[in-house]
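**Student:** Attaching a single structure in structure tokens format; questions to follow.
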Amino acid sequence: MAETKINIGPVHPSTHGVLRLVVTLDGDTVKHVEPHIGFLHRGVEKLVETRMYMQSPSYMEKLDYVAPISYDEAFVATVEAALGIEVKERAQYIRVIQLELQRIASHLLWLGTAINDVGQLFSVFMWCFKDRDIILRLLEEATGGRMFYVNMRLGGLNRDLSPGFANHAYKVLDYLEHRIKEYGSYLESNPVFMERMKNIGVMSKAEAISMGVTGPTLRGSGIDFDIRANYPYYVYDKLRFRTQFENGGDCFARYKVRMDEMQESIRLVRECLHTIPEGDAIGMPIRLIGPQPKEKEVVVKRELPRGEVMMYMVAEGQRPYRFSIRAPSFINTSVLQHLPRGHRLQDLFPILASVDTVLADVDR
Amino acid sequence: MDETPYTQEQFASAKQEMDYLVAESLKGRKMPINAVFAKLSDVTKAIAGGAITWGRKSSLWPMQFGLACCAMELLDFGSARVDAERGGYLLFRGTPRQTDVMIVAGWVTKAMIPEVKRLYEQMAEPRYVIAYGECATCGGPWWESYNIIQGIDQVLPVDVYVAGCPPRPENLFGALMKLQEKIGGKIVEDKV
Chain A
996 MAETKINIGP VHPSTHGVLR LVVTLDGDTV KHVEPHIGFL HRGVEKLVET RMYMQSPSYM
1056 EKLDYVAPIS YDEAFVATVE AALGIEVKER AQYIRVIQLE LQRIASHLLW LGTAINDVGQ
1116 LFSVFMWCFK DRDIILRLLE EATGGRMFYV NMRLGGLNRD LSPGFANHAY KVLDYLEHRI
1176 KEYGSYLESN PVFMERMKNI GVMSKAEAIS MGVTGPTLRG SGIDFDIRAN YPYYVYDKLR
1236 FRTQFENGGD CFARYKVRMD EMQESIRLVR ECLHTIPEGD AIGMPIRLIG PQPKEKEVVV
1296 KRELPRGEVM MYMVAEGQRP YRFSIRAPSF INTSVLQHLP RGHRLQDLFP ILASVDTVLA
1356 DVDR
Chain B
24 MDETPYTQEQ FASAKQEMDY LVAESLKGRK MPINAVFAKL SDVTKAIAGG AITWGRKSSL
84 WPMQFGLACC AMELLDFGSA RVDAERGGYL LFRGTPRQTD VMIVAGWVTK AMIPEVKRLY
144 EQMAEPRYVI AYGECATCGG PWWESYNIIQ GIDQVLPVDV YVAGCPPRPE NLFGALMKLQ
204 EKIGGKIVED KV
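Residue numbers (the numbering used here), protein chains in the order written: chain A, 996 to 1359; chain B, 24 to 215.
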């Protein structure tokens, strides 16, 4: 049969942002997918180089707008490494609490939108957004912002947790634990969902490693690798943290990893709230002239909800001379060239959703 | 053949005109039937104009068009907590042809300008544009970037601007209510 080329995007309800895909089809079978990116490029790295260190976290948050706190923290950690600043112990715990809450919110958003692509299971979308909103309210209570927080400061935070935070958080966590279990049981007993997720977009261990994917996409292929466990930062080595991974490598395995990670994050937040020490958590205020850098070149790795981010910074005086990001979504998007090959066109969107890319992070 | 065989001034009201036209059209078809229908539709519009405006402003269908961060709040706007449907902003549609209002949520890069223009042109008239958030309003934090335009109003006519980075979903509700007032004629646009 003759080959057909179709264009999807850049504005399409299922591409989760402005991604353009040129799909070569043979009948109904996908022969080749060519992702076209760059519709959101705005030169973040260049902008960061023109600003002082602590002016940039608000740019960083807009890179991955589904999990802003994670990027914010990664950038502040890079600056701390360059300036040689230690983070206060209580602040470390609070950062972990906020990072893990953000991870749950991000995965819930993923669940809602991805399941919507699988078979128009729109109720799940509504439930997930309701639950995500509860977490956003909790984070708003802790930081003062609804979506963008800019709460990290050098050596600590802008705000300590509010007095009633722990009680509120325990209630929310109990509720979420119950809800996420429920979603899992609903979805896994839904034949449409299982049919469209099982054995779709299979990525073997070797493929996953050679393509350089990270995060739940990597762990869905049965690889036990997580920056939080393998290169622990903050208090992750003190917590009882288990890397969640799943053998299988298909869309269902990637879904399962994210569901398990949400439960793991709930456990981590609970443990942090139990063991958090008293003390000071407030970081340095933002000044016009800050401390001088001690290290010239730093690299910091962090585990974001979407994968591993690596930030490289050459510090010189009051602003970075060079700043570069290895964005997880960018690398993960590249698998779209390989995974849908041989599948039918309708399976393209579950695969795209299961990789979980944020296009602002891809384009930077 | 298309010109009407009478002047509009000879009638006191629209109803009289309509009666005359109907009588004329029955009287041996002196006047082309097309003109009768054209006039009739004018008259109907004059009578039903209020109803049409009411219909237009009470069922604004937004386009599902997310660019960047603000699109997350747009999703939240459509979901359970804010519940957009109670305001008449019914369904987010995937195709521009079924929509009335375009919510530009996010920064517009140079690569996106032709796409945004094309989407706007695909929408059926009357069409409205809301610039949602700092980036769509004025470029926001990316003001100095080499690849961003400083506000969507450089390429499209904007009806309502919403400030915030990102604005809360409730603000979008407020913006759509403002747009309804504008369609209803309560707000007269400032010509700058």
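Note that beta-carbon positions come from the ideal geometry of N, C-alpha and C, so glycine has one too. In this text, all values refer to a predicted model and were calculated from it rather than measured experimentally.
If the criterion is Cβ atoms closer than 8 Å, does the pair A216 of chain B and A128 of chain B meet it?
**Tutor:** Residue 216 of chain B lies beyond the residue range present for chain B, which begins at 24 and ends at 215; the question has no answer from this structure.
**Student:** Within 10 Å of its beta-carbon, does N1146 of chain A have 16 or more other beta-carbons around it, so buried, or fewer, so exposed?
**Tutor:** buried
**Student:** What's the gap between the Cα of M1206 of chain A and the Cα of V1330 of chain A?
**Tutor:** 7 Å
**Student:** Applying the criterion that 16 or more other CB atoms from any shown protein chain within 10 Å of the CB defines a buried residue, is I206 of chain B buried or exposed?
**Tutor:** buried
**Student:** Distance, Cα to Cα, H1027 of chain A vs R1282 of chain A?
**Tutor:** 52 Å
**Student:** Does the region 1180-1195 of chain A come close enough to the region 1212-1227 of chain A to have 3 or more Cβ pairs within less than 8 Å?
**Tutor:** no
**Student:** What are the residues in the region 1044-1068 of chain A lying within 9 Å of chain B by C-beta distance?
**Tutor:** T1045, S1053, Y1054, E1056, K1057, Y1060, V1061 and P1063
**Student:** Of all the beta strand (DSSP E) runs that stay within the bounds of the region 1160-1240 of chain A, which reach a length of 3 or more residues?
**Tutor:** Listed in chain order, nothing qualifies, since the region 1160-1240 of chain A has no complete beta strand (DSSP E) run of 3 or more residues.
**Student:** On a CA-only basis, which of A:F1325, A:E1068 and A:E1029 is nearest R1297 of chain A? Give me that one, please.
**Tutor:** A:E1068
**Student:** So M1254 of chain A and I1099 of chain A are in contact, right, with Cβ under 8 Å, and what is the actual spacing, rounded?
**Tutor:** Not quite, the Cβ-Cβ distance comes to about 11 Å (not below 8 Å), so this is no contact.
**Student:** Since T1034 of chain A and S1051 of chain A are thought to touch, with beta carbons under 8 Å apart, how far apart are those beta carbons, to the nearest angstrom?
**Tutor:** In the sequence on display, residue 1034 of chain A carries Phe and not Thr. That belief does not hold up - the Cβ atoms of F1034 of chain A and S1051 of chain A are roughly 23 Å apart, past 8 Å.
**Student:** By how many angstroms is the C-alpha of P1005 of chain A removed from the C-alpha of W165 of chain B?
**Tutor:** Near 21 Å, if we compare the C-alpha coordinates of P1005 of chain A and W165 of chain B.
**Student:** Go to T1019 of chain A, then tell me how far its beta strand (DSSP E) extends in each direction, as first and last residue.
**Tutor:** R1015 to D1021
**Student:** Could you give the DSSP three-state label for R120 of chain B: helix, strand or coil?
**Tutor:** helix
**Student:** Against G1027 of chain A, what residues of chain B qualify as contacts under a CB-to-CB distance less than 7 Å, listed in chain order?
**Tutor:** Note that residue 1027 of chain A corresponds to His in the displayed sequence, not to Gly. The contacting residues do not exist; H1027 of chain A stays about 23 Å from chain B at best.
**Student:** Relative to the alpha-carbon of M177 of chain B, which residue among B:V152, B:N194 and B:K201 has its alpha-carbon at the smallest distance?
**Tutor:** Checking the sequence, you will find Gln at residue 177 of chain B rather than Met. Ranking B:V152, B:N194 and B:K201 by Cα distance to Q177 of chain B puts B:V152 first.
**Student:** Is the CB-CB distance between L179 of chain B and V139 of chain B below 8 Å?
**Tutor:** yes
**Student:** Spatial neighbours of G1210 of chain A within its chain, please: C-beta separation below 6 Å, excluding the five flanking residues on both sides.
**Tutor:** R1301, G1302 and P1323
**Student:** Which stretch, first to last residue, makes up the alpha helix (DSSP H) that contains G197 of chain B?
**Tutor:** P192 to I206
**Student:** Can we say the region 107-123 of chain B touches the region 143-150 of chain B, given the rule of at least three CB pairs closer than 8 Å?
**Tutor:** yes
**Student:** What does a CB cutoff of less than 8 Å around I172 of chain B pick up in its chain, not counting 5 residues either side in sequence?
**Tutor:** For I172 of chain B, same chain residues with a beta-carbon under 8 Å away, outside a window of 5 residues either side, are V131, T132, K133, I136, G162 and V178 in chain order.
**Student:** Rank B:P85, B:E96 and B:L90 by C-alpha distance to the C-alpha of G110 of chain B and give the top, closest one.
**Tutor:** B:P85
**Student:** In chain order, what residues of the region 116-133 of chain B put their CB closer than 8 Å to some CB of chain A?
**Tutor:** G117, G129, W130 and T132
**Student:** Taking 8 Å as the CB-CB limit, is V1074 of chain A close to chain B?
**Tutor:** no
**Student:** Taking just the CA atoms, how far does T1010 of chain A sit from Q1341 of chain A?
**Tutor:** Between the C-alpha atoms of Q1341 of chain A and T1010 of chain A there is a straight-line separation of about 13 Å.
**Student:** Strictly below 7 Å CB to CB, what residues from chain A border D99 of chain B?
**Tutor:** F1124 and D1128
**Student:** I want to verify the contact list: residues of chain B whose CB lies under 7 Å from the CB of P1008 of chain A, in sequence order.
**Tutor:** Q87 and G117
**Student:** Within the 8 Å Cβ cut-off, does W165 of chain B reach chain A?
**Tutor:** True, the Cβ-Cβ gap to chain A drops below 8 Å.
**Student:** Suppose contacts are defined by Cβ-Cβ distances below 8 Å. Is A1137 of chain A in contact with Q1097 of chain A by that definition?
**Tutor:** no
**Student:** Taking the C-alpha atoms as reference points, what is the distance between E148 of chain B and D123 of chain B?
**Tutor:** 7 Å
**Student:** Identify whether T67 of chain B lies in helix, strand or coil by the three-state DSSP scheme.
**Tutor:** helix
**Student:** Exposed or buried, which one is F1117 of chain A when buried takes at least 16 other CB atoms within 10 Å?
**Tutor:** exposed
**Student:** Excluding the five sequence neighbours on either side, which residues of its own chain have a C-beta within less than 8 Å of the C-beta of E1273 of chain A, listed in chain order?
**Tutor:** R1085
**Student:** By Cβ distance, which residues of its chain are closer than 8 Å to E998 of chain A, with the 5 residues on each side in sequence left out?
**Tutor:** T1019, L1020, D1021 and K1026
**Student:** For G78 of chain B, which three-state DSSP category applies?
**Tutor:** helix
**Student:** Could you pull the start and end residues of the alpha helix (DSSP H) that V1071 of chain A belongs to?
**Tutor:** Counting along the chain, the alpha helix (DSSP H) containing V1071 of chain A begins and ends at P1063 to L1078.
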